[in-house]
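J.:
In full-length UniProt numbering, the protein residues as written are 1 to 134.
Next up, the structure:
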């Protein structure tokens, strides 16, 4: 719900006309002398308007965080993800090779481990393309 409100607010902020944000409060009063219990509802819109781009940028940074990470974070994340990728590929390929080439390792339990290694290898190799699409 928060992201939907942010998108609506951003769409309103990028328009050229002054925009009033969504309704701020709701007051309901019932009429005591009415036989049907009529309720009078009044809306009070918020009075804040956003007119310049610095407000939009400040809102984006506040809600979504900075656009880019600093270089140290990028390098560290790249190294960590590369190590995870390489160890996953090497470990699963070695597991598959040992089970496939060694006759004494071909048991029901090891076939299950072989299956897990193959599925893990496929997830490591093509999982990013499935999740993020090309």
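Glycine included, C-beta positions come from ideal geometry on N, C-alpha and C.
Is DSSP giving residue 70 helix, strand or coil here?
T.: Indexing the chain shown from 1 puts residue 70 at position 70. Note: residue 70 maps to coil in three-state DSSP.
J.: I'd like the list of long-range same chain contacts for residue 99, defined as Cβ closer than 6 Å, with 5 residues on each side in sequence excluded.
T.: Along the chain shown, one-based indexing puts residue 99 at 99. Only 105, 110 and 114 meet the Cβ criterion.
J.: Using the rule of at least 16 other Cβ atoms within 10 Å of the residue's Cβ for burial, across every protein chain shown, is residue 107 buried or exposed?
T.: Position 107 of the chain shown, counting from 1, holds the residue named residue 107. Exposed, by the Cβ-count rule.
J.: Going by DSSP in three states, residue 95 sits in which element: helix, strand or coil?
T.: Working through the chain shown from its first residue, we reach residue 95 at position 95. Residue 95 carries a helical assignment under DSSP once its states are collapsed to helix, strand and coil.
J.: Going by DSSP, what residue range makes up the alpha helix (DSSP H) through residue 127?
T.: To locate residue 127, count along the chain shown from 1; it is residue 127. Unbroken alpha helix (DSSP H) run through residue 127: 108 to 132.
J.: For residue 28, count neighbouring Cβ atoms within 10 angstroms of its own Cβ and tell me buried if that reaches 16, exposed if not.
T.: One-based indexing of the chain shown puts residue 28 at position 28. Unreliable placement is indicated for residue 28, whose pLDDT of 48 sits below 50; the coordinate value is still reported in the next sentence. Result: exposed.
J.: Secondary structure at residue 88, three-state DSSP: helix, strand or coil?
T.: Within the chain shown, numbered from 1, the residue matching residue 88 stands at position 88. Helix, per DSSP.
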